[in-house]
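In full-length UniProt numbering, the protein residues as written are 1 to 647.
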């Protein structure tokens, strides 16, 4: 079933064309990604589909019964309610149904209603139908679903009574996503849902979306996330949209093949065009050949020549070099404690960095990853422990908050003031490699977008030529193309890297080591992100096996005993088992009598007409049967143990 169809959609802002002839289709349970450069029109297309922005022409078809849910980028939940009460507003119809069920139960328990057979039957029929509808709508699980989603978004029972107005911006964004997921729309539209999520929460969201019952349309720069979730990719490029079947990696492969094919066709066409132009220029003035030249000119003018596959989209082009090489030992950290103003965030951190290491720091939000980097670069004092820097180590630091940039300076002066001996032409050339050209270099820094500030910070970092780069979320705000350029630059970098990132695709391409941080220390894994996951799972399974083995050893009494002592212990255990079996048999007999009595009472017509009494007896009967089953299970286990002792 098609849940969304976009046909020949056009959108312009003033004279700037944004979208041209866009065609897009989403079917039930499709997982679709929209990818493209910053400014290509991805968010604009989502807003048009969600009905939050008008379009010039074309059509958007969404069936009437399809419920659409849209989470805009950087949207935070605004409410005066507590977290739990706000989530419960989604289920107001179910809660009303639940209240109606309680009211009907009270009516059925009323003796006056019970004696009126016609009224009683009518209420019973209404109750049965309402109970069926309530169950089908998820009435018996909506609270459990809410707890599960809140837990996935890192909100726990102790947080439920917190007022939403007291939460941080990132928390409100996560809560807005949680609320949208709980509302379960048929078409879920998410614009950058992975912002403000740590790796643990991202993994949970991936699992949730894989099992989601509706269709999903996502804009995201998280390539690992897209690889895990989506099966169709639409690329927004040069005002048009192209469809690719598969996940993000499959899209990259197909796009590369298409590019090679289109480049060959384009070069072939350009050769033909050049030959036509040369023939026309050579023969147009000759009387004997002018008609042939004019004919060729008509062909030249009428032919729809291919656009260059490179288009007019520019890519950043940069690399990182070093002034001089560091020693083999680059950084040593021992028993480090970090935090702010006496408040310890994390402790017992130890690590070693050697020349040309590429080390990724991972861990949940709030564990102190950025704080550790700031402590290493001496922006924060260390609270305890030791940091030793190797010989000739020069540090270049990329701050995710871009706090090192000066807001009231122009882009040009931001670099030129730090390297005053360079001439303006060279500074402009460097900025051009980071996509700042012409009048762009005169913009004040405070007016730049997040992506532009990120590129400017990377330009400054490149010019430092440091042999140890410390990077805090370097891929934030970068589009997919810029991320790939940055990755290639770091892969070729001859120095040492220590970085924090939530971009697992980035970690996989760059890291040779992963250090996991917790509030109580750090643990090193040799390998990329996938290896880290695999090894962590393996270590967890080994720990569980060891715990189970230790418990079994304790249960089996590992101390060596003499044969006589063993016989004594066996006889003692046998007596204990027989006494317990006798007690269980007596208990089961009493419970059997109680069960028989209750069942006999339930057959009594007088009691059967008393609805409250019936409910009370039924509860007693269920409890008695459950207790009997438990005792019977214990009885069977003890008899089996007794047989083993005597064998």
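No residue lacks a Cβ here, since even glycine has one placed at the ideal position from N, Cα and C.
Computed from a predicted structure; not experimentally measured.
Going by the CB atoms, is the gap between residue j and residue i shorter than 9 Å?
i           : j           : result
residue 247 : residue 230 : yes
residue 672 : residue 437 : With the chain covering 1 to 647 only, the question about residue 672 has no answer from this structure.
residue 335 : residue 349 : yes
residue 510 : residue 462 : no
residue 466 : residue 323 : yes
residue 469 : residue 499 : yes
residue 279 : residue 261 : no
residue 516 : residue 363 : yes
residue 50  : residue 164 : no
residue 239 : residue 48  : no
residue 62  : residue 4   : yes
residue 397 : residue 471 : yes
Consult DSSP for residue i and reduce its assignment to one of helix, strand or coil.
i           : result
residue 117 : helix
residue 388 : strand
residue 152 : helix
residue 244 : strand
residue 321 : coil
residue 111 : helix
residue 434 : coil
residue 648 : Residue 648 is absent from the model: the chain starts at 1 and stops at 647.
residue 230 : coil
residue 82  : strand
residue 20  : strand
residue 31  : strand
residue 448 : coil
residue 518 : strand
residue 289 : coil
residue 62  : coil
residue 371 : helix
residue 166 : helix
residue 68  : strand
residue 160 : coil
Tell me the DSSP bridge mates of residue i?
i           : result
residue 513 : 359, 526
residue 376 : DSSP output for residue 376 lists no bridge partner at all.
residue 8   : None; residue 8 has no bridge partner.
residue 351 : 333
residue 213 : Residue 213 pairs with nothing; no bridge assigned.
residue 704 : Because the chain spans 1 through 647 in this model, residue 704 falls outside it and cannot be assessed.
residue 470 : 397, 498
residue 39  : Residue 39 pairs with nothing; no bridge assigned.
residue 133 : Bridge partners of residue 133: none, in fact.
residue 191 : 219
residue 236 : 241
residue 592 : Paired residues: none, contrary to the question.
Measuring straight from C-alpha to C-alpha, what distance separates residue i and residue j?
i           : j           : result
residue 198 : residue 522 : 17 Å
residue 211 : residue 204 : 11 Å
residue 103 : residue 120 : 14 Å
residue 481 : residue 491 : 16 Å
residue 422 : residue 374 : 30 Å
residue 44  : residue 379 : 39 Å
residue 113 : residue 142 : 32 Å
residue 75  : residue 535 : 36 Å
residue 599 : residue 140 : 28 Å
residue 641 : residue 634 : 11 Å
residue 111 : residue 610 : 7 Å
residue 2   : residue 59  : 15 Å
residue 329 : residue 354 : 5 Å
residue 227 : residue 32  : 11 Å
residue 447 : residue 413 : 14 Å
residue 342 : residue 372 : 15 Å
residue 384 : residue 347 : 8 Å
residue 136 : residue 191 : 31 Å
residue 525 : residue 213 : 36 Å
residue 391 : residue 497 : 16 Å
residue 643 : residue 580 : 15 Å
residue 588 : residue 596 : 12 Å
residue 591 : residue 616 : 17 Å
residue 547 : residue 77  : 43 Å
residue 443 : residue 476 : 21 Å
residue 56  : residue 13  : 10 Å
Looking at C-beta atoms only, is the number of pairs between the region 438-457 and the region 395-411 that lie closer than 8 Å three or more?
-> yes
Could you say if the region 30-42 and the region 85-103 meet the contact criterion of at least three C-beta pairs nearer than 8 Å?
-> no
Would you check if there are 3 or more beta carbon pairs closer than 8 Å linking the region 210-224 to the region 23-33?
-> yes
Counting pairs of Cβ atoms below 8 Å between the region 59-70 and the region 147-163, do you hit three or more?
-> no
The region 572-581 touching the region 610-630, judged by at least three CB pairs closer than 8 Å | no
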